[in-house]
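Take a look at the structure set out below.
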Amino acid sequence: MEVVNLDPNFNLMTNKFITEINSIKNLGPTAELWVQYFEMVTLMKKFIQAERLGDWYLHLSCCREMLPYFQASGHIPYAKATYLYLQEMLTLEQKMNADEYSKFVTKGYFTICRTDKTWSGLWTDMTIEQTLMRTMKTVGGLTHGRGMTDSVKTKWILGMPVLNNICTNIEKFVNLTSNVSEQHVELRDSRISRDDSDVEKISQWFSFNYPFQNTNCVMSIASGISGDDNVNCHKAYEVGLDLVNSMVGNNFHDIKLKRSSKVTTLASITSGVKINEEIIKINPLLLFQRIAILKKNDVELLSYLQFELAPFPLALFDEQGLRKTKKSALYDILQPIPLENINITNGKYVIDGGFLLHRVVWQMNQTFELICESYITYVEKHFGNDAIVVFDGYENNAKTNDDADTLIVSTEINVSSYHLKTILVGEDIDLLVLLIALTPRENNIYFLKPSSGKIEKKIFIPKREKKCVQILDKQKDINSIVSIFNNPNSSHEEIATNGVKCFLYLYGASENEMSLNQQRYKLFTKCATKNKINLASLPPTEEAVRQHSYRVYLQVQLWLGHIKNPEDWGWTFQNNILLPVTTLKAPAPDQLLKCISCSCKKGCGKNCGCRKAGLKCSIICGHCKGQWCTNSIEIEVDCTEDCTLSELFDGIAEDEEE
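Counting from 1, one number per residue, gives the positions in the sequence shown under full-length UniProt numbering.
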C-alpha cells in the first residue's frame, strides 16, 4: 500500500473519487445516507483488513472511527467499552517492554494466526469459538453426556496434548499428512462464481432503484416512503461525534445515553409504538407475545384483540408498506381459448406502450431515428399498419390522478364502439381485470398476452378455482355488498360497513357473525393450540379494514373515471408522497403498553416488573432497554451452526481442515 500511495496516478484517481463522493452528498439526505452506508462498509472492511494483516495502528484507527456510529445507533455498551479499550491501548507502550511492544504493534502479534499465510489473522474470540468451543461441543467434547464437573474438565484439558501426539503418530504410521492449500478459500471457483452472482443481483436492483436521488428528505428508494425533519439517520456520524465528546471527563459507570439522543430512522416511522411519550421501534411479535402473556381472562383478551397489538396491521402491511401481491397469479383462474377457435380477422389492435418498450430490444450506439424505426417495424409486423399505441406519463406531482391502465382500457372501449372486433395487447393483469369490469356486454374485445417467445393470441374465461372467485360464485348476496363500491355517491360509513362484511366472508365467518373483531378473536383461539402463531394470518381490526376499504373504493372510482381526493379515502400526503393510512386506532391500550415494561434504574432485581411477570427485559423498558441489566436476554452463540457471518471469517479454519 505504501508504494501504491506514492503513485501520482493513484493519488489523482483517489482525489477525483473523493470529489465525486462529496458532490453526491450535496444532492440531499437520501444520497448522503447511501454515501454514509458506503463509508460504514468501507470502515468495516478496513477493520477486517487490520485483523487479517496484523496492522495495529489501522486497528486502533478503525475502533476510533466506529465510536460515533456506536453512539448514534444506541449501542452504549459497545461505545463505552471501545472508548475504555482505546484509552488503555494508547498507554500500552508504558506497560510492555520495548521488544514485546515492537513485535505486538509492528509484526502483527496482537492478532492470532493459525497459519503462516498472508491474510490469516483471526480475532481472539473467533479463535476460541473455532478451536476450544468447537471441540467442546462436537463429538467427544464435554457437552455430549460427560458433564461439566471440575474433574471431567481437568481430564479433558490435560488429555488434549496427548491426543495431538496420537494423531501425529497415526499420520506417520499410515504415511499420510495433512497439508494446507496455498490457495485462499475466497479464491476458489465456487466462491468467485457465487460472489459474481450476488454482485449481479445487487447491480440489477440498483439499476431500478437509483440511490443518489436529489431529495430534501430521507426517502426509501425501494418503497418511496419519505421521512420528516425528525429523521436524521443520514447524520449518524455527526450526531455520534457530539455524543462521544459528551463522554469526555465522565466516569465509566456514570455514562448514560438517552434514547432521544439516538438518530431517528425511517423504520421508527413505519413500525414505531409510542410508549411513555417515546416512539420506539419494536418487533411486532414481541409486543403481541407480552400482551398475550399478561391477559387475565378471555374477556380481557377479546377487548385487547380490538387493537392490532402491533405497530401496523400485519394482515395488510409489512415493514415496507402495503403488502405486495403476485397479481400474475390471477392468470391461474383464467383459461385461454386456443387461437384457432377465435376469428379476429380485420381486428383493431390497441397496444400498451409500456409493454412495447420492453418488447423491442435497443442496440448499442443507435440513434433515435433507428430506435423509432425498430418499434414501427415490430408493430407493423405483428399487429398491422393501423394499430393504436397508448403511452402514458406522470408529472412530478405525486398526487396525480392519472392512471395508465385506465387510459389504455378506455381507449380500447372507445375503439370497440366503431370496430366489430378489437384486441388489447399487454402483459399487465390489471388491464384484463379492467376489461372484464368495464367492457359492455355487446362488444367483442379480446385480451392478447404475448409470451416470451412466439406471439400467442388468448381470450380468457373464469375457472372459479380461487377463494375469492368461489365466494363470489357461491355467496350471491355478496354481489350487492361489493356493488356499493361502484356507486360514486357512496358515503364513508357505507363503504366501511360493506368492507367489513367482505372481510367476514374472506375469513370464513358464519352468516350470523357481524363483528370482524369477534371473528378475529375466534381465529386467534383456534391458532392458540399451534406451536407457532402467524400473526399475519389473523384478520385485521375493523378500524384497519375501514381505511383499507376507503382505498379500495378510491381505486375503483378512479378506474370508473370518477376523480376523488385521496386524502379523504385512506391516504395521507407527506413530503410530496401519498402514504396509506394504516389505522387511526392505537396499536394497543395505553395501560397495557406501560405495564409490560419496567423502569428499574439499578440492575432489574427482584422488584423488577418484568421479572415478576416472568418476562425478560426488552427494548421498551425505560432505563435498561433490555441490554445491560440482570434480567436481559442472554445470547448464546452456537459455533456448530452455519451462518453468513461466520462464512466471511472462517477461511483459515477451512484451509486447515482440507
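Ideal placement from N, C-alpha and C gives every residue a C-beta, glycine not left out.
Per-residue DSSP class, three states only, for residue i
| i | result |
| --- | --- |
| Asp332 | helix |
| Pro580 | strand |
| Asp392 | coil |
| Tyr349 | strand |
| Phe307 | coil |
| Ile563 | coil |
| Phe460 | Its pLDDT being 46, under 50, Phe460 is placed unreliably in this model, and the coordinates cannot settle the point. |
| Ser99 | Reading the sequence as shown, one finds Asp at residue 99 and not Ser. It is helical. |
| Asn15 | helix |
| Thr135 | helix |
| Met148 | coil |
| Ser223 | coil |
| Ile337 | strand |
| residue 685 | Lying outside 1 to 658, the shown extent of the chain, residue 685 is not represented and no answer is given. |
| Leu322 | strand |
| Phe208 | helix |
| Phe10 | helix |
| Phe317 | strand |
| Leu27 | coil |
| Trp34 | helix |
| Asp189 | helix |
Straight-line gap, residue i to residue j (C-alpha atoms, nearest Å)
| i | j | result |
| --- | --- | --- |
| Pro313 | Leu578 | 18 Å |
| Ala588 | Cys610 | 18 Å |
| Asp228 | Phe208 | 24 Å |
| Cys372 | Lys348 | 22 Å |
| Tyr109 | Thr91 | 17 Å |
| Gln130 | Thr118 | 19 Å |
| Glu188 | Asp196 | It is Arg, not Glu, that sits at residue 188 in the sequence shown. If I take the Cα positions, the gap works out to 12 Å. |
| Cys62 | Leu33 | 20 Å |
| Gly499 | Val545 | 7 Å |
| Asn489 | Gln518 | 30 Å |
| Gln213 | Cys629 | 42 Å |
| Tyr210 | Cys217 | 15 Å |
| Asn9 | Asp55 | 25 Å |
| Gly384 | Leu357 | 18 Å |
| Lys172 | Ile166 | 10 Å |
| Phe649 | Gly141 | The predicted model places Phe649 with a pLDDT of 31, which falls under 50 and marks its position as unreliable; any figure quoted below should be read in that light. Their backbone Cα atoms lie some 23 Å apart in a straight line. |
| Leu158 | Arg134 | 17 Å |
| Leu84 | Glu39 | 24 Å |
| Lys95 | Val105 | 13 Å |
| residue 694 | Leu424 | Outside the shown range of the chain, which is 1 to 658, sits residue 694, and nothing can be said about it. |
| Met219 | Ser374 | 37 Å |
| Lys16 | Gly240 | 28 Å |
| Lys474 | His419 | 36 Å |
| Lys458 | Thr345 | Confidence at Lys458 is low in this model, with a pLDDT of 47, below 50, so the placement of that residue is unreliable and no value is reported for it. |
| Asn53 | Thr127 | For the sequence presented, residue 53 should be read as Leu rather than Asn. Cα to Cα, the separation comes out at about 16 Å. |
| His562 | Asp568 | 14 Å |
| Gly426 | Leu334 | 16 Å |
Buried/exposed call for residue i, threshold 16 Cβ in 10 Å
| i | result |
| --- | --- |
| Pro539 | buried |
| Glu93 | exposed |
| Ser417 | exposed |
| Ala50 | buried |
| Val231 | buried |
| Thr42 | exposed |
| Glu20 | exposed |
| Gly147 | exposed |
| Lys526 | exposed |
| Ala437 | exposed |
| Ile18 | exposed |
| His253 | exposed |
| Thr14 | exposed |
| Lys155 | exposed |
| Ala222 | exposed |
Neighbourhood of residue i by C-beta distance below 7 Å, restricted to the same chain and skipping five residues each side
| i | result |
| --- | --- |
| Ala79 | Leu67, Phe70 and Gln71 |
| Ile429 | Lys327, Ser328, Leu330 and Tyr331 |
| Val415 | Lys348, Val350, Ile388 and Thr422 |
| Ile455 | With a pLDDT of only 41 at Ile455, under the threshold of 50, the placement of this residue in the model should not be trusted; the figure read from the coordinates follows. His382, listed in sequence order. |
| Leu86 | Leu60, Cys63 and Arg64 |
Cβ neighbours of residue i in the same chain (closer than 6 Å, five flanking residues each side left out)
| i | result |
| --- | --- |
| Gly570 | Gln547, Tyr550, Arg551 and Val581 |
| Leu302 | Tyr521 |
| Cys608 | Cys598, Cys600 and Asn631 |
Beta-carbon contacts of residue i that lie in its chain and below 8 Å, excluding the five residues immediately before and after
| i | result |
| --- | --- |
| Leu434 | Asp405, Thr406, Val409 and Trp559 |
Residues bridged to residue i [DSSP beta-bridge criterion]
| i | result |
| --- | --- |
| Thr545 | According to the sequence as given, residue 545 is Val; it is not Thr. According to DSSP, which records beta bridges pairwise, Val545 is partnered with nothing at all. |
| Trp571 | Pro580 |
| Leu122 | Ile112 |
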